[in-house]
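Please read the structure below before turning to the comments.
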Amino acid sequence: MPDAVVSSLIEQFHWQRPLWLLGIPMALLAGWYLLRSQSQSNQWKTLINPELLPYLLQGSLSKQQRWPVWMMTCGLILACLAIAGPSWEKMPQPIHKTENALIILLDMSPSMMAEDLKPSRLVRARLKLTDLLKQRKEGLTALVAYAGEAYTVTPLTDDSDTVISLLPALSPQVMPLSGSNTEMAMDQALKLFKDGGLLQGDILLVTDGVATEAQQYLRRTLPAGFRLSILGVGTEAGAPVPIRHGGFAKDNNGGIVLAKLNATELSKLAKASGGKYRTLSHNDRDINALMTQPELLSQKTRQLEREFDTWVDRGAWLSLLLIPFVALGFRRGWLLLIPLLLILPEPSYAFGWKDLWQTPDQQAQALLKEDKAAEAAQTFKRQDWKAAAQYKAQNFEAAAQGFAEDNSAQGHYNRGNALAKAGKYPEALDAYDEALQQQPDFDDAKANKELVEQLLQQQQNQQQSQNNDSESQDNDQNQQPQNAQDQDQGSDGQSSDQQDSDSQDPNQENAEQQGSDQPNSEQQSSEQQSSEQQQSEQNDADSSNSDPANSQDRLNPDSDTQQADKDQDQQAAGQDEAQQDAAEHASDADSVQAQAQEGELSDEEKQAMEQWLRKIPDDPSGLMRKKFEYQYRQRRLEYQQGSWLPPDNQANKRW
């Protein structure tokens, strides 16, 4: 063998599982221990006269054989070397790929918005396709959406997750031309098969109906080697067809069109095309029946042009050297010990690895920093910390029980906050009273107590207003202008809800003025002043969800007022097109984010940024709509140039 080959083998030699080499010193240690035990068994010779040993000891004094120990040690070493996986060369391995291909044709006609299947036929179809694609682990998948024209959503791909992510964006509103052009969808599917170099495949048509001319076209056009299966969406009773501008579709006589599912015709079409038909169901029987077709579960594969090299494990050759050791062990009965060694009880430890270095409270504190409040609450041993974690996890009732064990003023204060968050305002007031009894100068408890009293009063007023009849509500509304004249000129910032409320506490304004002198109570009153600038109905709705903890977040009442005025101005000056409106809001959000990069934002600026981001229209189908519109314009140009002709089937008049 040339020296170059030897040096190359030495350079490439490595172990694929090198950790098994750690078993070699363990095997040597076991052999040394067994040999040492044998030597200690003959220590009687040092204590008793060798001439008397045959008469005092039972058994022979022949020298014990050590070769079984050496054989066992060598066998263990060879086993470790074989399992470690010696390797010194690579072998090319071809890549095989499943050739099974499926193209889904999804109907986007207006009738798919019918609501005989709740919430609509289209929503149920998208959910069903999601389940089907999740079960499809291998093969190529493509998606074609069609209405008046057909468009490719995704070409043939082995990534089903990509197809699933695009399903929610599909609706009749994203299609440039309404209608039901099943013929063009079939042509688009066959073109995808041709571009992929596939001579066979499956087509799944998800629709609520196929026109008679389209059925004839599909039977005539579908080539051999391709199968058409149909998933019917809808009911035989049918439902009205909603249109874009409101109302329902009507026929020439002015009657409302009912889109009915003709399962018989669709079943005949699928059977004639070599596929199956199933009506969309509430369970997985429909997709299971479609997926159990031999074509869909075909295991035909093709070898790709690319290859990759893998290291060849030569440990199997070393395992052949273990045969003599195994035969010897079987003859002497040693192999019977192996099953006994495998039957071991599962280890149970009283503590984990982290318990050696951190206390449970320290571990819980680390979980709390990672925003894992629920896990931290289960790990904490200290009760007040445990209650604080439960409060952060929004388990307010359990937090209140934990804070109840702390009889200090701070404990009662925390218990009051938890009860207020849980909506138990009377119990929260009792907790604040106990905190103030122990610490009369507890400003935070005073401020939160005043706010809870206001929330309780508003809740009672709301309940009373709901119990009044419509006549008393009209009388209250008629008295609003007269009550407004009796108010002082400085009360313009007050809401109409405070003017007409006969059950308002007269000491409430004094409580607010006293609370405004304190730092914490200023935060409490700011939320009330901000909420009073809203309409009375909105104030009543928000008061039921308010809590003392949320009042600590709003530090500047003017920011909310300015933001509300700004929102109203922007809504009044809004533009008609959603795209331009989204661009304006996106630019505003970018400016706020640019300010955030310059420095840390305050709480008011963070709230303003969140409000701007919420106002950006959530339109995930916008890109899909633009894509289809671009393809629509391209086809119009090709039509003008004479390179493309649309099918002459009047598909845009179909529902």
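Numbering (the working numbering), first residue to last: 2 to 656.
Glycine residues also receive a C-beta, built at the ideal position from the N, C-alpha and C atoms.
What you are looking at is a predicted structure, and each value in this text was computed from that prediction instead of being measured.
Here the alpha carbon of residue 428 sits roughly 56 Å from the alpha carbon of residue 137. Shown here, residue 244 sits in coil according to DSSP, grouped into three states, outside any helix or strand.
Rounded to whole angstroms, the Cβ separation of residue 197 and residue 157 is 5 Å, and the two are in contact under 8 Å.
For residue 381, the closest alpha carbon among the candidates 361, 645, 393, 84 is that of 361. The straight-line gap separating the alpha-carbon atoms of residue 321 and residue 29 is approximately 21 Å.
With respect to the 8 Å criterion, residue 258 and residue 242 are classified as neighbours on the basis of their beta carbons. DSSP places residue 14 in the coil class of the three-state scheme, outside both helix and strand.
Contact between residue 417 and residue 433 holds, since their C-beta atoms are separated by about 5 Å, short of 8 Å. Note that the C-beta distance between residue 153 and residue 164 is not below 8 Å.
Ranking 458, 282, 424, 442 by CA distance to the CA of residue 132 puts 282 first.
Residue pairing by DSSP places residue 92 opposite 311 in a beta bridge. Contact between residue 181 and residue 148 holds: their C-beta atoms lie close to 7 Å from each other, under 8 Å.
Assignment of beta-bridge partners to residue 278 by DSSP yields 231. Residue 202: member of the beta strand (DSSP E) spanning 202–208, first to last residue.
Judged by pairs of C-beta atoms under 8 Å, the stretch 215–229 touches the stretch 191–207, as three or more such pairs exist. Only exposed fits residue 324, as fewer than 16 other CB atoms lie within 10 angstroms of its CB. By the Cβ test, the stretch 79–94 is not in contact with the stretch 169–181, since fewer than three Cβ pairs between them sit closer than 8 Å. For residue 103, the uninterrupted beta strand (DSSP E) run begins and ends at 102–108, by DSSP.
Comparing C-alpha distances from residue 115 to each of 642, 236, 402, 454 shows the shortest one belongs to 236. Bridge partners of residue 87 according to DSSP: 16. Between residue 183 and residue 161, the C-beta gap is not smaller than 8 Å, which leaves the two residues out of contact. Residue 208 and residue 636 have their C-alpha atoms spaced approximately 25 Å apart. In this structure, residue 430 lies away from residue 401, with their beta-carbon atoms at least 8 Å apart.
Only residues of its own chain outside the window of five on either side were considered, and among them 228 have a CB closer than 6 Å to the CB of residue 275, listed in chain order. For residue 156, the enclosing beta strand (DSSP E) has its first and last residue at 151–158.
If you look at residue 264, you'll find it in the alpha helix (DSSP H) that goes 264–273.
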